[in-house]
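A.B. asks: Residues in the sequence shown are numbered from 238 upward in steps of one, following the numbering used here.
Note that CB positions come from ideal geometry on N, CA and C, so glycine has one too.
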Amino acid sequence: QVQLVESGGGLVQAGGSLRLSCAASATIFSINDMGWYRQAPGKERELVADISSGGNTNYADSVKGRFTISRDNAKNTMYLQMNSLKPEDTGVYYCYFVVSRRGTYWGQGTQVTVSS
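(1) Between which two residues does the beta strand (DSSP E) containing V287 stretch?
(2) In whole angstroms, give me the CA-to-CA distance for A260 and N313.
(3) Helix, strand or coil for A311? Go by DSSP, reduced to three states.
(4) Can the beta-carbon of V335 be found less than 7 Å from the beta-carbon of Q348?
(5) Got a sec? Which residues, its chain only, sit under 6 Å from N320 by beta carbon, not counting five neighbours each side?
(6) Check whether the Cβ atoms of R256 and G245 lie closer than 7 Å to each other.
(7) Measuring only the C-alpha atoms, how far is N310 from Y316?
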């Protein structure tokens, strides 16, 4: 069973940066969309950013201009560069891959905490 392994979360001060990674534990073919959701305490899970197989990106309004999503198809890996972090960016970040004829794979989640 292929798993998505996330890394890069942690504690950072407001204004700082983090880079999240999401890598598949084995080769996956025909990955379509990839993306990141986050869930803050007491709030619903929200889409942060996604990227299509062709490289088209989409961002939540709250992170536009600060976060950048990218993917390396050869490595089955996705990244989220987060700059100018704010306390409201705090939450658990989950990555996902949408795979043709297989459905959606999810990561286990990585905690991001931004202190004021």
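C.D. replies: For this structure:
(1) If you number the sequence shown from 1, residue 287 lands on position 50. The sequence as given places Asp at residue 287; Val does not occur at that position. Where D287 is concerned, the enclosing beta strand (DSSP E) stretches over E283 to I288.
(2) Here residue 260 is taken as the residue at index 23 of the sequence shown, counted from 1. Here residue 313 is taken as the residue at index 76 of the sequence shown, counted from 1. Between A260 and N313, the C-alpha separation is close to 6 Å.
(3) Start at 1 with the first residue of the sequence shown, and residue 311 comes out as number 74. Three-state result, A311: helix.
(4) What you label residue 335 is simply residue 98 of the sequence shown in a count that begins at 1. What you label residue 348 is simply residue 111 of the sequence shown in a count that begins at 1. Contact flag unset, no.
(5) Residue numbering aside, residue 320 sits at position 83 when the sequence shown is read from its first letter. If we look at N320 and ignore the five residues flanking it on each side, its Cβ neighbours are S254 and R303.
(6) Counted from its first residue, the sequence shown places residue 256 at position 19. Counted from its first residue, the sequence shown places residue 245 at position 8. Against a cut-off of 7 Å, the Cβ pair of G245 and R256 comes out as a contact.
(7) In the sequence shown, the residue the question calls residue 310 occupies position 73. In the sequence shown, the residue the question calls residue 316 occupies position 79. Distance between the alpha carbons of N310 and Y316: 11 Å.
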